[in-house]
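In my numbering, the protein residues as written are 66 to 813. Inspection log for the structure reproduced underneath, given as structure tokens.
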């Protein structure tokens, strides 16, 4: 009995658990259904809404619905209530528009923070069944909907205030700092006065920060004291420069240490501030303070200034918490470019060594690279493009300094400067390249910088070996990376530059190394194959032409006429190469093939001016081989009557080949006519056979009318015998053809 009662109790408990589980599942299903219904209602309201603040409020309600902070019933009631107020507010706005009344635009900074509970909502885990309370938090949000009416006037007002507050604060700060620097350079003397400059600037920073703490953010005085802080920071930089260059109260190491301390302090102050004013004024003041600098006595002082500015610039990049500082970053970029050009002028006037000027330009180049890496990883295209343009100017400055400065007249010094600059730039580009995210295509711009620097610095070197090594190194490295889509433009630039430089190296044998590299590069063509094929072809033709005209002819007395068969043969080899490469054989090469054929034709026509029968004979044989090889379906050059074209080509060269005896011409023409008849017989082409017969008849007539009278008896015998034998061969071919036709007819 007890066992039976226990079994019944266990069965009852199991039934109760199943019933509870069914209720729980039904409750969850109903809850999900209610949430879906309320969510659809919120989406509908968001589509209807024209107020961004109301949209944000709806999004916040949706987040609370999903997270469980509010029940579907609570959110539904609040959504209906807020929508009613929204409609009332929009109706009031329409009435005011009709009455031509422009309301005051209320300023609403924010309604609700992300993750914050909506007003009147309690945690559903603590109290179920509560509802949204009637809140006033929605009211300012609804009133902000009237802001659209006064946008035009408000924008004009904002422009006016921005000019008045920001622009003139910058102008005033820069003028004050410039006056401060001039005062220190020309009117102060002694250690105490120099330290007083530090104290005055530091006191200005401290006082401004104290007032900032007492002001509310967004007030006018808050912005004003931000400007004063920037003036104080710029004053610290100016005081440091004055003490180092004018008063000589500190040496270079101390000046560097103080610069680092000021940069670190600026970093801390700027990171606590939400306004970029401190950064902009501090930078502007720092650069302006360098303008009165005159009479830089040593190269070491110029080097110290370069390192100071590098630390200041890089420190300023990391001073901002927010990445969205495009205006300040562009201002910083423009400031760096302008003052780099100014300092280059000052360094030229003070006769600073070229190596130190190059180091200064490289420090500016480094700053721009770090700025783009820090601020342009995602978006910010304008800043990235501006950075690329500025770096292009810096690379051009390196080109001018490395090739046209006075010290470049000494080849050894020029080589040392070139190698130093190339090493520094390549190292910087490699480090920055590795710091970029691997999936970011913008990092490949570092490759452009490095390659352009190497090519431009070695462009006018006195050492031919330096030029060749630079060209080949860059060319090989670029070709290895040619598969990357970001390197397509660089690949096109490099192959063009290498081809041009190879043409200008034709007074040495190094040009053949360049030509060999160009030919081998065809195996790594990945994109824009027609462009690469044309550049390689034209470059090799120019190298061949220059070698024959200016090197082989002068050094070895080789006839310039050999340029024609050499160039035509080179074109044929390139034709076959580009059509049979594994990576290009499936490409449509018809355009290149036709252009290549036009170039060949020009060389075949030009050989007439050489008036040399040996060259004409070589070109005739080479041309015949070219016609047989080129005019095929595989190369998209298949034409009907290919052998007629060949016969016409051979006839032209026979008649214009400058052969000394007409007997040779007659024999060649008769051989050509035999070839036409034979080809017509082989391919069953009546046109070719008739052309062969006509040409043979013409040769026989020429032999009787002209050759018989113009040549001696021995030549008469030879030509008559040769022509007679060929005529018999033609007759034999026709006999055989007639026999074949008759056999075909009998079989049919």
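By construction, the Cβ of each residue, glycine as well, lies at the ideal position given by its N, Cα and C atoms. The structure presented is a predicted model; accordingly, all values stated were derived computationally and were not measured.
Three or more C-beta pairs under 8 Å: does that hold for the segment 494–503 against the segment 538–550? no
8 Å Cβ cutoff met for residue 266 and residue 297: yes
With DSSP run on the structure shown, which of helix, strand or coil describes residue 187? Caution applies to residue 187, whose pLDDT of 41 falls short of 50 and renders its modelled position unreliable; the model cannot decide the point.
Hey, residue 520 and residue 535 are a contact pair by Cβ (cut 8 Å); roughly how many whole angstroms apart? 7 Å
Residue 460 beta carbon less than 8 Å from that of residue 517: yes
Burial state of residue 82, where buried means 16 or more other Cβ atoms lie within 10 Å: exposed
Straight-line CA distance for residue 756 to residue 743? 11 Å
What number of angstroms, rounded off, separates the C-alpha of residue 20 from the C-alpha of residue 522? This structure leaves residue 20 out entirely; the chain is present only between 66 and 813.
Between the alpha carbons of residue 264 and residue 364, how many angstroms are there, rounded? 30 Å
Would you call the segment 726–735 in contact with the segment 695–709, where contact means no fewer than 3 C-beta pairs closer than 8 Å? no
Let me know if residue 604 comes out buried or exposed under the rule of 16 or more other beta-carbons within 10 Å of its beta-carbon. buried
Go ahead and label residue 476 buried or exposed: buried means 16 or more other beta carbons lie within 10 angstroms of its beta carbon, across all protein chains shown. exposed
Just reading off the alpha helix (DSSP H) that residue 580 is part of, what are its end residues? 575–586
Beta-carbon proximity check, residue 576 vs residue 601, cutoff 8 Å: no
Using DSSP with H/G/I as helix, E/B as strand and the rest coil, what is residue 645? helix
Of the listed residues 140, 706, 112, 303, nearest to residue 99 (C-alpha basis): 140
According to DSSP, simplified to helix, strand and coil, what is residue 593? coil
Minimum C-alpha distance to residue 319 - residue among 369, 79, 295: 369
Count the other CB atoms, across all protein chains shown, that sit within 10 Å of the CB of residue 450; report buried if there are 16 or more and exposed otherwise. exposed
The alpha helix (DSSP H) with residue 397 in it runs from where to where? 391–414
Nearest by alpha-carbon distance to residue 716: which of 395, 160, 688 is it? 688
Reference residue 653, options 701, 105, 316, 453, closest by Cα: 701
Below 8 Å, can you find three or more Cβ-Cβ pairs linking the segment 296–310 to the segment 253–262? yes
On the premise that residue 735 lies in contact with residue 761, defined as a C-beta separation below 8 Å, what is that separation, rounded to the nearest angstrom? 6 Å
Hey, is the segment 672–689 in contact with the segment 705–721, meaning 3+ C-beta pairs nearer than 8 Å? yes
Which value, in whole angstroms, describes the spacing of the CA atoms of residue 253 and residue 314? 12 Å
Which of the three DSSP states, helix, strand or coil, is assigned to residue 152? helix
Would you say residue 739 touches the ligand HEM, meaning its beta carbon is less than 7 Å from a heavy atom? In the structure on display, the ligand HEM does not appear, and there are no ligands present to speak of.
Would you decide whether residue 405 is buried or exposed? Buried here means 16 or more other CB atoms lie within 10 Å of its CB. buried
Which class does residue 604 belong to by DSSP, given the choice of helix, strand or coil? helix
Taking 8 Å as the threshold (C-beta atoms), are residue 445 and residue 514 in contact? no
Report back the beta-carbon spacing between residue 143 and residue 126 to the nearest angstrom; my notes put them in contact at under 8 Å. 6 Å
Taking Cβ to Cβ, would you say residue 680 is nearer than 8 Å to residue 626? yes
In three-state terms, what does DSSP make of residue 697? coil
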